[in-house]
Every structure is written in structure tokens, then in C-alpha cells.
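Chemist: I have a structure I would like to understand better, so I am pasting it below and will then ask my questions one at a time.
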Amino acid sequence: MKYFKKIREGFYMLRFGAGSSDMRKILKDDIFLLRLKLIVIMCKAYLHDYPMGKYRREAIIENARSVFDLLSQISSEYAERYGHIFNLQTYAESKGEKNLYFDVFQQRVHLLAVMAKALAEGSPMGYFRTKALKDNIDSICEVITFNSNVGDIKFLKVA
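Dropping the structure here:
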């Protein structure tokens, strides 16, 4: 019965996912990365002309604010911790340049948060703003795409 959790008498729920012993505490870095990915998804939905209602606008603004706030709290140690997983390493061959490229990544994330908030508030998006948004999203996605080496994915086991 290890994989079943008893809900009430006669009813069981199938349990999936990692065991609680394999998980670690959620860090600000994890929340930052999840919210960043959510902003990327919502901005891509906007670029593909999906409708943006009241709740999606509010979600974009809230996530942009949260990413903006979390960005100042995480440090370049993030690059040191996760640089071997994310493509931050491909941006810099020497360790001396790694922090410089993480700073560029931070500036791109900051720009994405500002652009996402602006589009959610109804600012006009012309050809060049749309192209800048696409280019920025592509650059960020290139960095946050991690390799599939199983040994490097331990950090994903969070509560």
C-alpha cells in the first residue's frame, strides 16, 4: 500500500511523484524560475493571439511584479549553483565571465517583466516591440533550458 493513500474508508488515491525523503525545501530560486517560466508561457500565448481576459492580465502583472522582486533577491550564486545545468555555461567559456553573463540574463529577465506588465496593462504593441519581446523570450528560453543529464536534475525534487 506504499503507492496508495487512504482518503476515507474504502477510497484510495494513487500516489505519484518522488518520495518525501527525496525532496528538499523550496528556495526563492525555485519560485523565481517557476514564475519566470509562467511569464514566458503567458507572453508566448499573447504573441500567438490567445485571448487575454481580466484574470490573465492580473496574473501577468502579479507574476511580473514577483519576478521583478525576486530578481533583486537572488544573486550571482544562482549561476554558480545551476550554471552546469542551465546554458549559462555556453555563454562564457571561462569562470571569470560567468557572472557577467548571468548579469546579462538578469537584465533580460528584468526587461521581460517590464514588457509583460506593459502588454497586460494594454500598452500598444507594434512590430518592433513584438519582435523585441520574441527575441527576449528566445534568449531567456535558451538560458533556462537545462540539459537532460539525470545527475543534474536532482535539484528538481522539491516539496
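Just so we're aligned: the sequence shown equals residues 1 to 159 in the numbering used here.
Built from N, CA and C at the ideal position, the CB exists for glycine as well.
A quick note: this is a predicted structure, and the numbers were derived from the prediction, not measured.
Give a yes or no on whether the C-beta atoms belonging to E63 and I26 are separated by under 8 Å.
Modeler: In the sequence shown, residue 63 corresponds to position 63, counting from 1. In the sequence shown, residue 26 corresponds to position 26, counting from 1. According to the sequence as given, residue 63 is Asn; it is not Glu. Not closer than 8 Å, so no.
Chemist: Since D29 is in the alpha helix (DSSP H), which residue starts that stretch and which ends it?
Modeler: On the sequence shown, residue 29 is found 29 positions in, with the first residue counted as 1. D29 -> alpha helix (DSSP H) spans 28 to 47.
Chemist: Compare the C-alpha of D49 against each of L119, I31, F68 and name the closest.
Modeler: As a working mapping, residue 49 is identified with position 49 in the sequence shown. Closest by alpha carbon: L119.
Chemist: Can you tell which of I61, I31, R35 has the C-alpha that lies nearest to the C-alpha of E121?
Modeler: As a working mapping, residue 121 is identified with position 121 in the sequence shown. Per the Cα distances, I61.
Chemist: Report the partner residues of R129 according to the DSSP bridge assignment.
Modeler: Residue numbering aside, residue 129 sits at position 129 when the sequence shown is read from its first letter. Secondary-structure assignment with DSSP links R129 through no beta bridge to anything.
Chemist: Skipping 5 residues on each side, what residues in its chain have a beta carbon closer than 6 Å to that of F68?
Modeler: By one-based count along the sequence shown, residue 68 stands at place 68. Answer for F68: A113, listed in chain order.
Chemist: Please classify K117 as buried or exposed, where buried requires at least 16 neighbouring CB atoms within 10 angstroms.
Modeler: Stepping through the sequence shown from its first residue, residue 117 is reached at position 117. Counting Cβ neighbours within 10 Å, K117 comes out buried, since at least 16 surround it.
Chemist: Could you give the first and the last residue of the continuous alpha helix (DSSP H) run that contains E121?
Modeler: Along the sequence shown, one-based indexing puts residue 121 at 121. From DSSP, E121 is part of no alpha helix (DSSP H); its letter is neither H nor E.
Chemist: Just curious, the alpha helix (DSSP H) that Y55 is in, first and last residue?
Modeler: Here residue 55 refers to the residue found at position 55 of the sequence shown. That run of the alpha helix (DSSP H) goes 54 to 73.
Chemist: I'd like the list of long-range same chain contacts for R35, defined as Cβ closer than 6 Å, with 5 residues on each side in sequence excluded.
Modeler: Counting from one through the sequence shown, the residue named residue 35 turns up at place 35. Counting only Cβ-Cβ distances below 6 Å, and skipping sequence neighbours, we find N63, S66, V67.
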